[in-house]
Every structure is written in structure tokens, then in C-alpha cells.
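In what follows, a structure is listed as C-alpha cells, so that the remarks can point back to it.
In my numbering, the protein residues as written are 84 to 174.
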């Protein structure tokens, strides 16, 4: 068994999905997106899974909604941080 192929953090999928929903890949650089992803994931407690179906069928809707709200907050916090520090670097 290769752990890097079988086990992953479900939040990774959620963070990347929300970044796409926001349209950030169209307006931000690859470096910005990588930094944002790291900042966001570091704010979230990992949820390790083997199969996506585990989360789809066994996660209560209330917990799924809370996870989504956590992702939205983490990404916004990351965007605010990056934008603030980007502006200070230009001065």
C-alpha cells in the first residue's frame, strides 16, 4: 500500500473546489494560489479519508455544511492576508 495514493485530506478537495468557484485561477498567479492553498489548509483540522464515497455517504449534512463554512472562512482569511502583504510589498 502506498499511503500517498490511498489516503488524503478531504479538505484539500474542498479548498481547491472553492478557489475554483471564486474564479481565482483566472485572476491570480500560480504562486498566489499555492500560497493561498497552504494558508487555508493550515487553518483547517485535517480530515483524512481513503475514498471520496466515505465522505459522500457517511458525513451528516450538518457536518458537511460546517466544513464548507470552515473552508470559506479559511480562504477569505488567506486572501485577506496575501492581499494585505502584497500591498505592503509594493510600497
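Using N, Cα and C, we set each Cβ at its ideal position, and we do this for glycine too.
Computed from a predicted structure; not experimentally measured.
Cα-Cα separation, residue i to residue j
| i | j | result |
| --- | --- | --- |
| residue 139 | residue 127 | 19 Å |
| residue 162 | residue 151 | 16 Å |
| residue 116 | residue 107 | 8 Å |
| residue 141 | residue 119 | 29 Å |
| residue 109 | residue 144 | 31 Å |
| residue 112 | residue 148 | 29 Å |
| residue 167 | residue 89 | 37 Å |
Beta-carbon proximity check, residue i vs residue j, cutoff 8 Å
| i | j | result |
| --- | --- | --- |
| residue 146 | residue 124 | no |
| residue 92 | residue 129 | yes |
| residue 105 | residue 164 | no |
Per-residue burial, residue i [other beta carbons within 10 Å of its own, 16 or more giving buried]
| i | result |
| --- | --- |
| residue 132 | buried |
| residue 136 | exposed |
Problem - contact_flag[the segment 94 to 106, the segment 148 to 163] where n(CB pairs < 8 Å) is 3 or more - result: yes
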